[in-house]
Amino acid sequence: MITSDCDNSTIIESWGGELYTPLTLPLTTDITIGYNGSAWLNQLYKGNGSGWSIVNRLNLAPRPDGYINSSPVTTTLPCILYQRNVSILHVVQMADNDYGDYLLCRWSNSNQTYNYDKVNECGGVCSAMPNDTLLFASNCTLQFILPRVNIYYAVALQIEDYYTNSSLEPMSSVPIQFLFYAYNIPVGACGTAPSIIGVRPNRACIGVPV
């Protein structure tokens, strides 16, 4: 049974919904599942109106410890607003139900020969952030500056779980795609953003004085 519901607002080029598809698969299943189509919104820093692709790798083969793997999970708001021309550190949340798994995140890419999914993972928004953007894989932290105001920046990532930190291939690959939006602060508003000092472990709760 397939159920789907999609709400849309064509004025701001925004659509949202969920799709559930129950399947029965053998334990030897190792497949790539994805959706692609068109088109990204027109007000993008890179990839205006381009096609989209989002891809997940599913591997039901038993792990080295004999259990069935649980893929990583992640979540985000669809669009996050940040001030233009300010250095930003943004943490993408990731977690795994299998204790001890080693999690890494990486940029989604279109190199179908070398990426784990063996397919174009990101359509027209591969490498769509500014060129000097940094990604810290172990805690999925992005460091960047948004140079242009009143425009959206697309982020396409894959979060992957490894049995140990010496494993050569991940056990699964989970996509996450979202947007940043750059704005200018209003005249007279406070221009100093809250700062976080010290270590930023993933999923930590950090208090910030404002």
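If you count the sequence shown from 1, you need to add 44 to reach my numbering.
Heads up, the beta-carbon is just placed ideally off N, CA and C, and yes, glycines get one too.
As the structure is a prediction and not an experimental result, all values here were calculated from the model.
Beta-carbon proximity list for residue i, same chain, < 6 Å, skipping 5 on both sides
{"i": "Y206", "result": "Y146 and P214"}
{"i": "S114", "result": "N141 and D142"}
{"i": "A172", "result": "K90, G91 and A198"}
{"i": "P66", "result": "none"}
{"i": "D176", "result": "none"}
Between the CA atoms of residue j and residue i - distance to the nearest angstrom
{"i": "G93", "j": "N86", "result": "5 Å"}
{"i": "Q221", "j": "R150", "result": "12 Å"}
{"i": "N228", "j": "I189", "result": "13 Å"}
{"i": "Y196", "j": "N183", "result": "24 Å"}
{"i": "P108", "j": "T208", "result": "10 Å"}
{"i": "T119", "j": "T72", "result": "28 Å"}
{"i": "T236", "j": "V135", "result": "19 Å"}
{"i": "R101", "j": "S216", "result": "5 Å"}
{"i": "Y111", "j": "L104", "result": "10 Å"}
{"i": "S131", "j": "Y64", "result": "38 Å"}
{"i": "C249", "j": "L69", "result": "38 Å"}
{"i": "N194", "j": "V231", "result": "16 Å"}
{"i": "L178", "j": "S82", "result": "28 Å"}
{"i": "A233", "j": "T185", "result": "28 Å"}
{"i": "D74", "j": "L212", "result": "17 Å"}
{"i": "S210", "j": "V99", "result": "25 Å"}
Where residue i falls, given that 16 or more other Cβ within 10 Å makes a residue buried
{"i": "G144", "result": "exposed"}
{"i": "V243", "result": "exposed"}
{"i": "I241", "result": "exposed"}
{"i": "E204", "result": "buried"}
{"i": "Q202", "result": "buried"}
Proximal residues to residue i (C-beta, below 8 Å), its chain only, five neighbours per side dropped
{"i": "R192", "result": "Y89, R128 and A226"}
{"i": "P174", "result": "Y89, F188, I189, L190, P191 and Y197"}
CB of residue i within 8 Å of CB of residue j, strictly
{"i": "A198", "j": "V218", "result": "no"}
{"i": "I187", "j": "L125", "result": "A quick correction: the sequence has Gln, not Ile, at residue 187. The answer is no: Cβ separation not under 8 Å."}
{"i": "M138", "j": "P116", "result": "yes"}
{"i": "A181", "j": "L223", "result": "no"}
Same chain, Cβ closer than 7 Å to residue i, five either side skipped, listed in chain order
{"i": "C166", "result": "S97, S152, N153, S154 and A200"}
{"i": "Q156", "result": "K162, V163 and N164"}
{"i": "G95", "result": "N80, G81, S82, A83, G167 and G168"}
Meets three-Cβ-pair contact criterion under 8 Å: the region 66 to 78 and the region 156 to 167: Three or more beta-carbon pairs separated by less than 8 Å link the region 66 to 78 to the region 156 to 167, which places the two stretches in contact.
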